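Notes follow the structure.
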Amino acid sequence: MTTATLIVFAISIGTVAWIAWRGFRAEDARREAEERDR
């Protein structure tokens, strides 16, 4: 594996993880808001 391949691999994994984390947090916040509205 070349250094460039490793860098691209790390960036893609990081991006996917970041998007998944953002989506998870947003879902959490939305559920919390619904609980508060009740």
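Quick note on numbering that gives the first Met the number 0: the sequence shown kicks off at 0 and runs consecutively.
C-beta: ideal position from N, C-alpha, C; glycine also.
A quick note: this is a predicted structure, and the numbers were derived from the prediction, not measured.
Item	Value
Backbone CA spacing between Phe8 and Ala19 [nearest angstrom]	17 Å
Inter-residue spacing [alpha-carbon to alpha-carbon] between Arg37 and Gly13	37 Å
For Thr14, three-class secondary structure by DSSP	helix
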